[in-house]
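Number of protein chains: 2
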Amino acid sequence: MTIPGTTTYTLTVGEVAAASGAAPSAVRFYEQHGVIQAVRTSGDQRRFSADAACRIRVAKVAQRVGLTVREIADVFADLPEDPEPGDWGRIADTLVREAEERMAALRAHLEQMRSGGRLCEM
Amino acid sequence: MTIPGTTTYTLTVGEVAAASGAAPSAVRFYEQHGVIQAVRTSGDQRRFSADAACRIRVAKVAQRVGLTVREIADVFADLPEDPEPGDWGRIADTLVREAEERMAALRAHLEQMRSGGRLCEM
DNA sequence: CCTTGACTTCAACAATGGTTGAACGACGAG
DNA sequence: CTCGTCGTTCAACCATTGTTGAAGTCAAGG
């Protein structure tokens, strides 16, 4: 168990980029938009904690199901510093629920079309 | 049953816009990008068939699940003129399958995270 | 200490998905 | 035939999601 408030911010932009598969520019972009957090060194360089790369990987998959960077950042905003598995679980649920709702809307629309028959011919 | 090659192109941009809930500018945009088709009057005005509004409504929902306009246009490209319910059925399946795959990727990623435990703490 | 590579910011560019406005043409009701 | 509404194109602009390059700074190894 990690001691609360002991999150270590040690990773550089390049390290997070390598670990997440994103370009360094994208890592900075995600930080600017609240998807990940960083502290600054005395020399003004970003230092990330280990979950940054994970957040980015999740963000990339979430983007594929139609969530915007802002929406993803909003979901992640509920994560405490140094999140526990349970915290991630709730985030996962939120993301899946949101995606499911969109899927349901797609399905419902297509189903209505299918059953309506002439719906698309008016 | 409609006689093949008898699709009637009678709807104006404004009518399709009203029927689909999209702005007229968006209707033109979707036509430019192959989501819908139009014929031109002698006076160079667009005339759409009845399925245009339907395609747009489907496109809007599909965009919400992460499909791009290009991808949606590609899916619709398989629709014949004056499509029958069966044709729409296959389109619907394609869209749902694509969306499902993205959902599955999201789920898989989140599940891996959940079970990995320390995956996000490295 | 000094070099080198990785970091910093900032601005420009790009692609996607549109909206808005100007200037002008088409079409239908009266 | 004329009027008003709707259509046309084109260019500019907007937000989103980044990438690229310039100019300069930090940090770690020799």
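Read top to bottom, the protein sequences are chains A and B. Under the working numbering, the first residue of the first sequence is numbered 1, with each subsequent residue one higher. Under the working numbering, the first residue of the second sequence is numbered 1001, with each subsequent residue one higher. Ideal Cβ placement from N, Cα and C applies to all residues, glycine included. Keep in mind the model is a prediction, meaning the values are calculated, not measured.
Where residue i and residue j are concerned, what is the direct C-alpha to C-alpha distance, given to the nearest angstrom?
i	j	result
B:Asp-1082	B:Val-1069	21 Å
A:Ile-56	A:Ala-22	8 Å
A:Val-16	B:Arg-1102	24 Å
B:Val-1061	A:Ala-105	7 Å
A:Arg-64	A:Val-35	15 Å
A:Ala-99	B:Ser-1042	46 Å
A:Glu-31	B:Leu-1067	25 Å
A:Met-113	B:Asp-1078	17 Å
B:Met-1122	A:Ser-25	Residue placement at B:Met-1122 is poorly supported in this model, since its pLDDT is 49, which falls under 50; the coordinates still yield a value, given next. Approximately 22 Å between the Cα atoms of the pair.
A:Ala-18	B:Glu-1084	49 Å
A:His-109	A:Arg-47	45 Å
B:Ile-1091	B:Ile-1072	10 Å
B:Asp-1093	B:Gly-1086	11 Å
B:Phe-1029	B:Asp-1074	15 Å
A:Asp-44	B:Ala-1050	59 Å
B:Ser-1115	A:Gly-89	10 Å
B:Tyr-989	A:Glu-111	Because residue 989 of chain B is not part of the residues shown, which for chain B are 1001 to 1122, the question remains open.
A:Thr-6	A:Cys-54	18 Å
B:Ser-1020	B:Pro-1080	20 Å
A:Gln-37	A:Phe-76	10 Å
B:His-1033	A:His-33	30 Å
Kindly list, in the order they appear in chain B, the residues whose Cβ is closer than 7 Å to that of residue i.
i	result
A:Ala-99	Met-1103 and Leu-1106
Could you list which residues in chain B have their beta carbon closer than 9 Å to that of residue i, in chain order?
i	result
A:Pro-24	The premise fails here: A:Pro-24 is roughly 19 Å from chain B at the closest Cβ pair, so nothing lies under 9 Å.
A:Val-96	Met-1103, Leu-1106, Arg-1107 and Leu-1110
Less than 8 Å between the CB atoms is what I'm expecting for residue i and residue j, so what's the real figure, rounded?
i	j	result
B:Val-1096	A:Arg-107	6 Å
A:Val-39	A:Val-27	Wrong, their Cβ atoms sit about 14 Å apart, outside the cutoff.
A:Leu-11	A:Ala-52	7 Å
Starting from residue i, find everything on chain A with Cβ-Cβ shorter than 8 Å and list it in chain order.
i	result
B:His-1033	Result: empty, since nearest Cβ-Cβ is about 18 Å, beyond 8 Å.
B:Gly-1021	What B:Gly-1021 touches in chain A: nothing, since even the nearest Cβ is about 12 Å away.
B:Gly-1043	Chain A residues near B:Gly-1043: none, gap ~24 Å exceeds 8 Å.
B:Arg-1064	Gly-66, Arg-102, Ala-105 and Leu-106
B:Val-1039	Within chain A, no residue comes near B:Val-1039; the closest Cβ sits about 17 Å away, beyond 8 Å.
B:Ala-1077	Simply none; closest approach about 16 Å.
List the DSSP bridge partners of residue i.
i	result
B:Leu-1011	B:Phe-1048
A:Arg-40	A:Arg-46
Residues of chain A with a CB under 9 Å from the CB of residue i: which are they?
i	result
B:Val-1058	Leu-106, His-109, Leu-110, Met-113 and Cys-120
B:Ala-1018	Within 9 Å Cβ-Cβ: nothing; B:Ala-1018 doesn't reach chain A, min ~12 Å.
For a contact defined as C-beta to C-beta under 8 Å, what are the partners of residue i on chain B?
i	result
A:Val-69	Those within 8 Å of A:Val-69 in chain B number zero; the least Cβ separation is about 13 Å.
A:Ala-158	Residue 158 of chain A is absent from the structure shown; chain A starts at 1 and stops at 122.
Can you name the residues of chain A whose CB is closer than 7 Å to the CB of residue i?
i	result
B:Gly-1089	Arg-114
B:Val-1061	Ala-105, Leu-106 and His-109
Heavy atom of the ligand COA less than 7 Å from the Cβ of residue i, yes or no?
i	result
A:Thr-7	As presented, the structure is devoid of all ligands, the ligand COA included, so that no description of it is given.
Fully enclosed by the stretch 48-81 of chain A, which alpha helix (DSSP H) runs are 4 residues long or longer? 51-64 and 69-76
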